[in-house]
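Numbering (full-length UniProt numbering), first residue to last: 1 to 549.
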């Protein structure tokens with residue numbers, strides 16, 4: 001009986017005595033229940049714990065790792081699908097699979113009239129020399145699959161120079177063909193469950209630095225004179241040279257692609273270089289490489305002018321880019337066939353030397369026009385926006401000294417960021433002025449305030465609404481409603497340092513350290529005389545006035 005107090009409540013002392021009496025009377029039953037419970041727990045644990053042998057013959061309990069999920073089966077994207085193993089492929093990273101790839105491509109080429117075929121590359125490491133694709137093919141890279149370029153250059157064929165470049169980009173004469181190549185194709189898809197194509201470029205980079213290569217290095221993936229191309233849901237990495245180079249192609253889509261190379265020591269490993277291409281979409285990509293993440297091109301000097309194929313109708317959308325040695329998004333410098341109607345939007349550029357760059361030079365000819373940048377974010381970028389017209393690297397000495405590029409209608413809108421040393425460096429020249437440029441809704445946090453941070457020369461255009469930091473004065477100022485507030489204070493002005501003194505020139509060619517070295521002290525005397533003392537005064541730089549030099 002449980003004792004109760006006067007209020008009808010349970011008495012705690014009586015309750016404890018009742019529990020003790022129950023335990024004393026049922027010891028055997030409780031012991032049996034404990035043994036059964038322990039056994040059930042042990043059996044359950046044994047399904048996830050195994051005994052392994054240790055040093056000295058002693059055993060230990062080891063958690064058994066969960067079995068990896070089976071690889072996702074590739075979807076059927078063509079009427080007929082093959083596996084690389086059907087043609088003798090071995091994915092051990094050592095066997096060379098070039099013949100397996102070639103036999104598979106040949107089998108798919110025979111299906112062209114029936115919708116083509118699909119080549120599945122299973123999980124594994126598939127070493128190969130360069131091979132060609134065919135039309136109406138889907139190359140599908142399974143999760144865990146990796147196509148490896150063979151490092152020995154003897155396996156890489158030589159090809160004629162690109163017609164718009166005159167000769168191989170780095171060396172005169174033939175160039176190495178790409179690891180995966182195609183010409184005059186249509187309906188080509190390279191996709192997968194994020195499998196990868198690895199050029200194993202380390203050997204090539206070393207030979208390039210030592211100058212022991214006799215031919216231009218190969219791209220990783222190059223398609224020429226082709227149309228209806230899709231590259232999606234894969235990883236490209238460690239190319240010997242540019243990663244993806246579509247040349248004179250139409251209707252190209254690059255989506256959900258990751259491109260990786262070391263940020264140092266991997267020279268010219270551009271991510272995506274559409275070259276004389278039209279109708280191109282690059283979206284949802286992550287690119288971190290040893291040169292420009294994306295560079296729009298169209299031929300080099302007189303060869304590009306003669307070839308005459310522009311790059312146009314290009315959209316670059318939702319891209320994250322990184323380039324510690326070059327730029328996130330570039331146009332040029334090879335742009336002699338022209339570049340037009342390019343939209344760059346919703347792009348983040350981080351830890352890069354330059355953010356957005358346009359580069360060209362005398363001798364390029366051609367044009368860069370109708371370029372729109374919108375919603376760009378810089379994060380720790382040395383120079384945010386760069387326009388450079390003296391990128392004096394030429395195919396040979398036969399370039400036309402009177403071929404001046406035309407740069408017109410360049411707009412920057414919604415440009416933001418932090419940790420930027422120089423937000424804008426836009427220097428045209430008397431021969432190559434920058435025309436019709438605009439800046440709108442721009443706010444960039446700067447990290448270095450000792451230099452002039454918004455630099456312009458030989459430039460004409462406008463600032464619309466709020467722009468920070470303060471723009472250069474040779475741009476018209478408009479309010480948010482598009483009403484003119486203030487005309488440019490001076491045309492074609494620039495700011496430059498002369499022996500520690502900062503001054504401003506107007507209507508003359510910009511002077512910097514490099515040009516001073518080239519034109520010599522005699523020409524510098526003439527510049528200083530015309531700027532400060534008029535044409536009739538002669539100031540000798542060999543005996544400078546203390547107040548000036």
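Beta carbons: idealized from backbone N, C-alpha and C, even for Gly. Please read these numbers as outputs of a predicted model, since none were measured by experiment.
Coil, strand or helix - residue i by DSSP
i: residue 367; result: strand
i: residue 518; result: At residue 518 the pLDDT is 41, less than 50, meaning the model places this residue with poor confidence; the figure from the coordinates comes in the next sentence. Of the three classes helix, strand and coil, the one that applies to residue 518 here is helix, per DSSP.
i: residue 58; result: At residue 58, the pLDDT of 43 sits below 50, so the modelled position is not reliable and the matter cannot be decided from this model.
i: residue 176; result: strand
i: residue 186; result: strand
i: residue 397; result: coil
i: residue 324; result: coil
i: residue 273; result: coil
i: residue 84; result: helix
i: residue 552; result: Outside the shown range of the chain, which is 1 to 549, sits residue 552, and nothing can be said about it.
i: residue 154; result: helix
i: residue 488; result: coil
i: residue 351; result: strand
i: residue 480; result: coil
i: residue 383; result: strand
i: residue 340; result: strand
i: residue 67; result: coil
i: residue 295; result: strand
Terminal residues of the beta strand (DSSP E) in which residue i lies
i: residue 361; result: Careful: residue 361 lies outside any beta strand (DSSP E) and carries neither H nor E.
i: residue 468; result: 459-468
i: residue 334; result: Unbroken run through residue 334: none, as it is neither H nor E.
i: residue 170; result: Looking at the DSSP string, residue 170 is not in any beta strand (DSSP E), and its letter there is neither H nor E.
i: residue 418; result: 406-420
i: residue 245; result: 244-247
i: residue 285; result: 278-288
i: residue 138; result: 137-141
i: residue 116; result: Where residue 116 is concerned, there is no enclosing beta strand (DSSP E), given that its DSSP letter is neither H nor E.
i: residue 436; result: 434-446
Beta-bridge partners of residue i, as assigned by DSSP
i: residue 149; result: 128
i: residue 427; result: 388 and 457
i: residue 235; result: 196 and 258
i: residue 221; result: 180 and 244
i: residue 373; result: 344 and 412
i: residue 191; result: 140
i: residue 356; result: 329 and 385
i: residue 311; result: 339
i: residue 378; result: 349 and 417
i: residue 250; result: 227 and 278
i: residue 134; result: According to DSSP, residue 134 bridges with nothing at all.
i: residue 316; result: 282 and 344
Cβ pair residue i, residue j closer than 7 Å
i: residue 241; j: residue 272; result: no
i: residue 362; j: residue 434; result: no
i: residue 459; j: residue 423; result: no
i: residue 267; j: residue 208; result: yes
i: residue 439; j: residue 468; result: no
i: residue 340; j: residue 370; result: yes
i: residue 186; j: residue 228; result: yes
i: residue 329; j: residue 344; result: yes
i: residue 250; j: residue 222; result: no
i: residue 461; j: residue 437; result: yes
i: residue 486; j: residue 477; result: yes
i: residue 124; j: residue 91; result: yes
i: residue 218; j: residue 246; result: no
i: residue 357; j: residue 414; result: no
i: residue 193; j: residue 72; result: yes
i: residue 332; j: residue 164; result: no
i: residue 215; j: residue 176; result: yes
Residue i - containing alpha helix (DSSP H), residue span
i: residue 301; result: 301-307
i: residue 203; result: 202-210
i: residue 106; result: 98-109
Within-7 Å CB hit, residue i to chain C
i: residue 432; result: No chain C is present in this structure, which holds just one protein chain.
(request) Evaluate contact between the region 326-345 and the region 355-370, counting only Cβ atoms and requiring at least three cross-stretch pairs below 8 Å. (result) Result yes; three or more Cβ-Cβ pairs closer than 8 Å.
| message | Three or more C-beta pairs under 8 Å: does that hold for the region 109-116 against the region 159-167? | response | no
Check your understanding: Counting pairs of beta carbons, one from the region 298-308 and one from the region 282-289, are three or more of them closer than 8 Å?
Key -> no
inquiry  = Check whether the region 342-355 and the region 376-390 are in contact - that is, three or more C-beta pairs closer than 8 Å.
reply    = yes
Note to self: Pairs of beta-carbons, one from the region 225-235 and one from the region 253-265, closer than 8 Å: are there three or more?
What the structure shows: Yes, the region 225-235 is in contact with the region 253-265.
Quiz item: Is the region 192-201 in contact with the region 146-155, if contact means three or more CB pairs nearer than 8 Å?
Solution: yes
Q. If we count Cβ pairs, one from each stretch, closer than 8 Å, do we get three or more for the region 176-184 versus the region 123-140?
A. yes
Measuring CB atoms only, is the region 113-122 touching the region 77-95, in the sense that at least three cross pairs come out at less than 8 Å?
yes
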